[in-house]
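Okay, so here's the structure we're looking at.
Protein chains: 4
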Amino acid sequence: MIIVLKANATKKQVDHVVEKIKALGLKAMVSRGVERTIIGVIGPEDALRVQPLEVFPGVEKVLPVLKPYKLVSREFKPEGSVIDVGGVKIGGKGLVLMAGPCSVEGRQMLMTTAKAVKQAGAQVLRGGAFKPRTSPYSFQGLGEEGLKYLRDVGQATGMKVVTELMDVRHIALVEKYADIVQIGARNMQNFELLKEAGQSQKPVLLKRGLSATITEFLLAAEYIVSQGNFNVILCERGIRSFEEQTRFTLDLAAVPVIKKLSHLPIIVDPSHGTGLWDYVEPMAKAAVAAGADGLMIEVHPNPETALSDGPQSLLPERFAGLVREVRKVAKSVGRTL
Amino acid sequence: MIIVLKANATKKQVDHVVEKIKALGLKAMVSRGVERTIIGVIGPEDALRVQPLEVFPGVEKVLPVLKPYKLVSREFKPEGSVIDVGGVKIGGKGLVLMAGPCSVEGRQMLMTTAKAVKQAGAQVLRGGAFKPRTSPYSFQGLGEEGLKYLRDVGQATGMKVVTELMDVRHIALVEKYADIVQIGARNMQNFELLKEAGQSQKPVLLKRGLSATITEFLLAAEYIVSQGNFNVILCERGIRSFEEQTRFTLDLAAVPVIKKLSHLPIIVDPSHGTGLWDYVEPMAKAAVAAGADGLMIEVHPNPETALSDGPQSLLPERFAGLVREVRKVAKSVGRTL
Amino acid sequence: MIIVLKANATKKQVDHVVEKIKALGLKAMVSRGVERTIIGVIGPEDALRVQPLEVFPGVEKVLPVLKPYKLVSREFKPEGSVIDVGGVKIGGKGLVLMAGPCSVEGRQMLMTTAKAVKQAGAQVLRGGAFKPRTSPYSFQGLGEEGLKYLRDVGQATGMKVVTELMDVRHIALVEKYADIVQIGARNMQNFELLKEAGQSQKPVLLKRGLSATITEFLLAAEYIVSQGNFNVILCERGIRSFEEQTRFTLDLAAVPVIKKLSHLPIIVDPSHGTGLWDYVEPMAKAAVAAGADGLMIEVHPNPETALSDGPQSLLPERFAGLVREVRKVAKSVGRTL
Amino acid sequence: MIIVLKANATKKQVDHVVEKIKALGLKAMVSRGVERTIIGVIGPEDALRVQPLEVFPGVEKVLPVLKPYKLVSREFKPEGSVIDVGGVKIGGKGLVLMAGPCSVEGRQMLMTTAKAVKQAGAQVLRGGAFKPRTSPYSFQGLGEEGLKYLRDVGQATGMKVVTELMDVRHIALVEKYADIVQIGARNMQNFELLKEAGQSQKPVLLKRGLSATITEFLLAAEYIVSQGNFNVILCERGIRSFEEQTRFTLDLAAVPVIKKLSHLPIIVDPSHGTGLWDYVEPMAKAAVAAGADGLMIEVHPNPETALSDGPQSLLPERFAGLVREVRKVAKSVGRTL
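Chains as they are written, first to last, in the working numbering: chain A, 13 to 349; chain B, 13 to 349; chain C, 13 to 349; chain D, 13 to 349.
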């Protein structure tokens with residue numbers, strides 16, 4: 013950690029900061045420059061990170077040197093993690109394909125969709141039983157009934173199942189039916205939920221918050237991992253910007269950035285990331301070309317009647333076409349699908 | 013609701029949309045313009061709002077005419093709401109002043125702070141017992157012990173108490189000790205928490221999410237109100253933008269916008285909104301000048317040792333100075349403090 | 013255009029709006045709904061677009077139906093445009109590769125770079141002679157001397173040359189030496205410059221502004237095209253968001269969005285878009301997978317000594333590796349390089 | 013400047029960086045910590061700032077210690093600057109009020125508006141003769157004719173005149189008629205225009221760019237000042253965010269931030285900052301409470317017929333009411349109007 017002092021900081025102020033550093037068992041190196049005095053701190057930075065050094069008299073700014081996350085960082089674990097979900101590997105050479113409806117609306121529509129996406133190449137079935145909806149008047153999901161359909165259809169089709177956990181009280185329920193527990197974008201900083209997920213035996217799919225920086229995203233993953241659950245799959249799903257032609261701005265650069273900073277696998281959700289089915293295929297191809305470990309895509313047998321996210325859902329046949337195209341791109345970057 | 017069709021939409025496509033509208037018991041008015049056909053829908057728009065009309069063939073875009081929230085809207089209740097918190101009125105001519113430490117760190121520091129802010133003019137004591145922290149390694153709060161200190165100090169000083177609820181399982185606990193239940197910015201779209209708060213007997217202070225639009229903010233309030241709890245106080249606390257000199261960008265225009273759209277009172281938190289104590293006083297004055305119904309401000313007897321948010325906390329004496337200055341501005345805009 | 017009236021709009025107010033519409037030679041269709049009256053306007057919308065209808069008494073909002081740009085829209089010209097730059101085709105099946113240093117720093121470094129990037133597959137040499145620098149104390153470019161080097165090196169290597177125009181007074185100068193005139197991101201709404209470029213005989217490369225919506229980007233192109241110059245190449249180069257790990261947020265979804273809305277070709281600049289050479293190759297591959305018509309990439313023979321943008325510049329050999337990888341992706345999406 | 017090396021940086025890499033620093037005549041202080049080696053640079057930082065140190069092998073990041081602007085900084089000139097525009101002081105205890113139509117549409121409407129705003133208390137008449145319009149099909153301004161009206165009306169009413177300069181070729185023309193030369197938000201990084209303004213004898217009103225950080229804003233001012241023209245007035249006019257209820261997000265915290273960082277006066281434009289006349293008065297009051305040195309407000313005698321920005325223009329009588337209210341707030345914060 014580097015502490016930059018104000019141009020007019022007094023000797024007494026400098027000494028006060030130095031004492032604080034020493035009191036924490038750290039070493040302070042003071043450099044008096046032409047225009048500024050700076051203090052470098054030697055020793056484990058953690059003790060200092062939580063200190064509000066910015067408020068000490070004479071301090072202009074504090075520059076952290078180390079990253080605030082540890083267990084999820086690539087420095088901690090240089091090789092990439094591969095998460096094994098009952099045989100489906102996420103993070104290796106092969107790409108994972110998660111597909112299904114936004115919401116589970118019924119057993120039949122789920123079965124139809126699952127068969128189609130499985131046939132096209134998906135290994136994981138997605139579907140919401142508890143739905144985070146912006147309006148209280150929108151469809152809120154089928155609840156446990158939806159979870160049952162998911163498990164039944166997953167078993168019938170030989171697919172793993174991922175579904176969202178929205179409520180800490182539902183963790184046992186969701187774990188009972190799902191193979192992967194999803195934490196949605198709006199709950200990325202619901203820290204109680206992260207802690208529960210961290211104590212789960214199930215792998216966790218963590219979606220990036222709408223306005224979360226990559227550092228915050230990795231810190232949210234650190235919450236889960238620090239509780240003992242290392243099986244975290246990250247998911248870029250678009251961030252909020254001023255652009256209105258797409259529902260969100262899909263930040264694909266997050267893929268190589270996270271690959272550099274962390275050992276965790278990262279997949280991309282181009283359905284939420286764009287909000288319109290038209291753009292799902294090009295962005296799915298782009299995600300794979302950027303190095304994503306997989307895709308999560310919304311598919312609905314009849315988007316015209318979908319109870320949520322119809323505009324961004326693909327018809328099953330269009331999804332099959334997407335997989336064919338993505339497969340070519342995957343091959344071109346040395347991945348398999 | 014207005015449905016705009018593509019330039020090359022066929023008659024069959026237009027008819028298909030019209031049928032859908034009629035099937036929902038609504039009336040469709042088709043206008044064939046020079047360049048576009050548009051369909052206006054007459055009747056209660058709610059049924060149509062949840063339909064994914066954008067995916068119908070030939071549809072270019074769908075323009076909603078009505079606002080998606082109802083109970084919190086000023087159309088529903090033209091006069092401004094005044095929330096009564098055990099005698100403290102929020103939303104009337106008088107401004108409410110909530111102040112206290114970011115986290116409750118101990119009984120003594122809380123008592124010192126409470127006495128000072130009460131003396132300066134604050135009516136409500138703020139303090140976190142459960143803390144939403146970006147890093148799992150940061151201080152997470154004292155939990156129930158902190159709640160007890162809050163209640164005790166509140167009673168000893170004659171102040172009302174506001175504290176954050178982070179976990180649906182803690183609602184009874186927080187209600188037991190607090191006079192106002194706070195929903196933090198990171199939980200603004202934690203819909204399960206909103207529903208619990210909606211069933212509470214206690215007033216709710218709802219903070220705007222970091223990247224929530226005002227519409228989403230009002231919809232989050234609608235979640236609470238639609239469960240029966242009309243005592244919601246909104247709080248603007250800064251949104252995320254590209255600017256880095258301040259921790260967040262305090263969107264003060266949200267105050268007059270919300271005053272126009274909703275009957276709910278709105279206060280401003282310039283401490284989180286700026287992130288630096290230097291900027292708290294000017295922005296507190298600006299908030300009141302813009303029409304805010306009150307302020308929420310972080311005060312700490314010794315920011316150098318604060319376990320959270322030290323840089324943005326005011327010393328008690330500085331807070332007292334702020335109140336004196338804010339009082340002048342309040343008077344200049346016809347409010348009292 | 014649709015005009016939505018306030019819930020309490022009076023008949024007189026409605027009539028006043030209708031009269032205005034009629035006075036402009038348009039037809040007004042009034043629909044009185046349960047909760048709102050709306051007025052649909054039939055006829056060429058242009059006359060109305062410039063009217064401040066929002067300020068008419070009783071008007072709640074105005075919803076435009078048509079897009080504000082015309083000549084650059086795909087409705088105006090359904091097939092994609094192919095720009096011919098002295099034999100180099102931009103917008104067809106083949107991808108264009110523009111590469112070179114951020115700034116022209118001297119004849120020798122330019123020649124070395126040009127030979128290397130030409131050898132690797134680039135057809136167009138980029139290099140700045142006039143540099144838009146955030147600080148007045150940064151290197152501002154070699155001016156006409158730089159332009160001469162560009163032309164000489166372009167001719168010697170058989171490459172076309174693209175360079176930035178920053179000043180309306182330099183148009184003749186830049187046209188004299190360059191094959192493509194570039195309008196930089198910070199000048200995307202320098203309307204005088206756009207008009208000059210619109211009267212140029214040379215193709216124009218228009219970079220998206222840091223905070224320009226896609227609609228504003230296409231309107232800036234419309235400025236150029238409406239002056240008679242249809243040879244416009246668009247370039248996505250990253251927009252401003254809250255994320256700090258990358259210099260900008262490369263909005264790759266802009267590629268399919270623009271392909272849908274406009275007939276103009278669009279290329280991507282992953283160097284500025286990410287700001288770090290590490291991320292240039294993955295994002296170059298992603299851009300091509302998303303459907304971009306080409307790439308613009310910064311290459312420098314010795315980034316350690318670059319006078320601008322060193323951190324995001326590739327070494328020539330790394331650029332050659334990038335081209336090999338991008339070529340595979342291009343093939344996988346049916347493009348050639 | 014602080015250079016942080018990668019965890020695995022070799023001694024050779026460290027030495028290479030140190031040599032570079034020494035070659036520039038600076039002193040390097042190497043601190044080897046537990047987890048990182050860092051190098052502090054002692055000496056004038058300017059020489060190093062332009063070096064792309066991030067690309068040196070082994071370097072993880074570079075942390076600048078000093079601010080990149082000098083002449084506009086408060087360190088350079090601790091007391092606030094007061095700009096004298098022919099007797100109207102900007103930056104002192106008194107507030108400046110600039111008002112008038114968005115565009116000069118004719119002599120009569122300008123005279124009517126000028127008389128009204130002068131009567132209400134404005135000292136400076138604003139009005140655009142050259143208009144930066146997003147669409148090429150919008151009204152582009154009256155040009156020199158508009159400038160003449162401005163000067164004539166300014167002289168007739170005893171007001172100073174501010175108008176926008178959009179084209180470097182017009183500098184002599186604009187200087188001839190205007191008392192203050194305005195650089196608009198979209199041209200804030202039109203560096204050629206900044207340089208011209210820097211050589212002008214007239215004071216310059218510099219508006220913040222839509223997506224400009226405060227640092228970039230001050231660097232743009234530094235462009236002007238470094239050419240010799242110290243008479244720069246800054247203007248916050250709203251930045252781009254995701255919020256759609258207002259045209260821009262007025263960043264009022266920029267006022268105290270800039271007051272801290274710079275000696276230049278700063279005014280606020282709540283008309284562009286909000287985009288709707290409804291919100292102009294509350295935000296004007298908030299701006300003054302936050303410490304702004306003045307306001308710039310759009311007034312139009314008949315917003316229904318305004319050729320630009322009608323929705324955000326105030327009627328003269330409403331402007332007079334605004335001034336009365338703002339005056340009270342000004343008094344409450346120790347300013348006069």
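Note that the Cβ used here is the ideal one computed from N, Cα and C, for glycine as well.
Beta carbon proximity, residue i to chain B, threshold 7 Å
{"i": "Glu228 (chain C)", "result": "no"}
{"i": "Ala19 (chain A)", "result": "no"}
{"i": "Arg48 (chain C)", "result": "yes"}
{"i": "Leu327 (chain A)", "result": "no"}
{"i": "Glu208 (chain A)", "result": "no"}
Presumed contact (8 Å Cβ cut-off) between residue i and residue j, rounded CB distance
{"i": "Gly210 (chain A)", "j": "Tyr235 (chain A)", "result": "6 Å"}
{"i": "Met110 (chain D)", "j": "Met295 (chain D)", "result": "Contact flag wrong, Cβ pair sits at about 15 Å."}
{"i": "Val180 (chain D)", "j": "Glu187 (chain D)", "result": "Actually they are not in contact, since the Cβ atoms of Val180 (chain D) and Glu187 (chain D) sit about 12 Å apart, beyond 8 Å."}
{"i": "Tyr291 (chain D)", "j": "Thr261 (chain D)", "result": "With a Cβ gap of about 12 Å, Tyr291 (chain D) and Thr261 (chain D) do not count as contacting."}
Contact with chain A by residue i, beta-carbon distance below 7 Å
{"i": "Glu248 (chain B)", "result": "no"}
{"i": "Ser253 (chain C)", "result": "yes"}
Sequence-distant residues of the same chain with beta carbon closer than 6 Å to residue i, five excluded per side
{"i": "Pro76 (chain D)", "result": "Met13"}
{"i": "Lys219 (chain B)", "result": "Gly196, Ala197, Cys247 and Arg249"}
{"i": "Lys18 (chain B)", "result": "Gly70 and Glu72"}
{"i": "Ala224 (chain D)", "result": "Met200"}
{"i": "Lys89 (chain D)", "result": "His275"}
{"i": "Ala332 (chain B)", "result": "Ala132"}
Close-in-space but distant-in-sequence residues of the same chain around residue i (CB under 7 Å, 5 per side omitted)
{"i": "Phe203 (chain A)", "result": "Tyr235"}
{"i": "Val74 (chain C)", "result": "Met13, Ile15, Leu65 and Glu66"}
{"i": "Gly287 (chain A)", "result": "Thr258, Arg259, Phe260, Pro323 and Gln324"}
{"i": "Lys101 (chain C)", "result": "Val94"}
{"i": "Gly104 (chain A)", "result": "Val94"}
{"i": "Leu185 (chain D)", "result": "Glu156 and Leu159"}
{"i": "Tyr161 (chain C)", "result": "Val116, Arg119 and Leu122"}
Min CB distance residue i to chain C below 7 Å
{"i": "Gln257 (chain A)", "result": "yes"}
{"i": "Tyr149 (chain A)", "result": "no"}
{"i": "Gly155 (chain A)", "result": "no"}
{"i": "Leu75 (chain B)", "result": "yes"}
{"i": "Met178 (chain D)", "result": "yes"}
{"i": "Tyr81 (chain A)", "result": "no"}
Close beta carbons around residue i, own chain, < 8 Å, minus the five adjacent residues each side
{"i": "Ser325 (chain D)", "result": "Pro113, Cys114, Ser283, Trp289, Glu310, Val311, His312, Pro315 and Ala318"}
Interface flag, residue i vs chain D, CB-CB below 7 Å
{"i": "Gly9 (chain B)", "result": "No answer is possible for residue 9 (chain B): the residues shown for chain B start at 13 and end at 349."}
{"i": "Val67 (chain C)", "result": "yes"}
Neighbour list for residue i in chain E, Cβ cutoff strictly below 7 Å
{"i": "Lys297 (chain B)", "result": "In the structure shown, chain E cannot be found, because the protein chains are A, B, C and D."}
Starting from the N-terminal side, write out each stretch of the beta strand (DSSP E) that is 3 residues or longer and does not extend beyond the region 253–299 of chain C.
278–280
Count the CB pairs spanning the region 143–155 of chain B and the region 224–231 of chain A that are closer than 8 Å, and state whether there are at least three.
yes
So, do the region 329–344 of chain A and the region 37–46 of chain B have three or more beta carbon pairs nearer to each other than 8 Å?
Touching, no.
Taking three-plus beta-carbon pairs below 8 Å as touching, is the region 46–56 of chain B in contact with the region 84–93 of chain B?
no
Between the region 122–139 of chain D and the region 170–184 of chain D, are three or more C-beta pairs nearer than 8 Å?
Taking a contact to require three or more Cβ pairs closer than 8 Å, the region 122–139 of chain D and the region 170–184 of chain D qualify as touching.
Would you call the region 298–308 of chain B and the region 266–275 of chain B in contact, with 3 or more CB pairs under 8 Å?
yes
Suppose only complete runs of 4+ residues qualify. What are the alpha helix (DSSP H) ranges in the region 155–208 of chain B, listed by chain order?
156–169 and 183–189
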